[in-house]
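Contents: one structure, followed by commentary.
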Amino acid sequence: MKLRTIFFLTAITCLSSTAYAQHNDIEFGYDNTVSPAGFVLSPLGFNTTTAEGIVLVKSNMEELDPFTTGDFAADQPGFTNNLAEGLLVNPDDSIWFNALDASVHSSFGVGYVNYFNPLTNSLEASGRLQIEDNAGSNTANLVLDGGLIESGTNPQFIGLANSNGYVHDHITWDLLDDATAPLGAYGILGQLQSDYAPLGGGTDLSSDRFWIVFNHGMSSTDFENLALPQYGVGAVPEPGSSVLIGLTVCFFVTRRRRMEGLSRAK
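Read in order, the letters of the sequence shown are residues -21 to -1, 1 to 245 in mature numbering (1 follows the signal peptide of the UniProt record, and there is no 0).
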């Protein structure tokens, strides 16, 4: 059976389950809290996957503060664990968001801020985005400017796991220079990191890369059909990657349904 046929059948099987499971938070956790060797991202928190096999989540720049017109930012996606899926970290572990230079870590990316210009139908390393920690730490906000880190600390602190190994936080993705920031899409390539080893003194685990792409003033049709393909969505995938992605989604959907069924049976 051809890979395309396998993926089609996999997608049909998972279609209703995936739609049901989508939400605004990126779910993460260790593969094993006793002796973790990997940082797992649930595919259910993402909207699609690029030709490189990098998961991507969509968001929108909005006027979050009703009393401050013209100030655009986003508070989605958030980051959380999921006990039902076994996605937890260890108590007191710090979690960070590490912004990546997409020109180095993706064949589609061009910098830290990957701006889709509707006038040229291409990505540019331009625009300024600020990643603001809302967890009450003293970490300086991280400011990304096109192909550079302008100021702040990278990786940016997200949160500290509580006594149950649980973290849930929404950082603010702030579009700077609102008055002059052009309409289009703004993409950031990043990964989650943690300090699992208590005596390590730094990052011990890193997740796979993922894209966060923010729509700023584009129609939904143009965002989907013009902007997202520039980040690799809809391009021809690597052989076998579609099958693996589809099966991974099915695994998480099946496990979630099983856990929900057990909870209702109690």
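Note that the Cβ used here is the ideal one computed from N, Cα and C, for glycine as well. Here the structure is a predicted model, which is why all the values come from computation and not from measurement.
Asked	Found
Examine the Cβ distances between the region 57 to 77 and the region 92 to 106 and report whether three or more of them are shorter than 8 Å.	no
Any contact between the region 136 to 152 and the region 52 to 61? By contact I mean 3 or more CB pairs, one from each, below 8 Å.	yes
For a test of the three-state rule: what should DSSP assign to Phe202, helix, strand or coil?	helix
When burial is assigned at 16 or more other CB atoms within 10 Å of the CB, is Leu43 buried or exposed?	exposed
What residue range does the alpha helix (DSSP H) around Val83 cover?	81 to 84
For a test of the three-state rule: what should DSSP assign to Tyr9, helix, strand or coil?	strand
Could you tell me which of Glu129, Gly126, Asn39, Leu23 sits nearest to Ser199, measuring between CA atoms?	Asn39
Under the DSSP definition of a beta bridge, which residues are partnered with Tyr165?	Tyr94, Phe193
Name, in chain order, the residues that DSSP records as bridge partners for Arg188.	Arg188 is not bridged to any residue.
For Val36, which residues from the same chain have a beta carbon less than 8 Å from its beta carbon, with the 5 sequence-adjacent residues on both sides left out?	Ile5, Gly24, Phe25, Asn26, Pro56, Phe189, Trp190, Ile191, Val192
On a Cα-Cα basis, can you pick out the residue from Ser185, Ser14, Gly125, Tyr210 that is closest to Asn69?	Ser14
Taking its Cβ as the centre, do 16 or more other Cβ atoms sit within 10 Å of Thr159, making it buried, or is it exposed?	exposed
Which residues in the same chain as Asp156 place their Cβ atom closer than 6 Å to its Cβ, once the five residues preceding and following it in sequence are excluded?	Arg107
Consult DSSP for Ala63 and reduce its assignment to one of helix, strand or coil.	helix
In its own chain, which residues sit with a C-beta less than 7 Å from the C-beta of Asn3, not counting the 5 before and 5 after it?	Gln55, Pro56, Gly57
Can you tell me the Cα-Cα spacing of Glu129 and Ser85, whole angstroms?	21 Å
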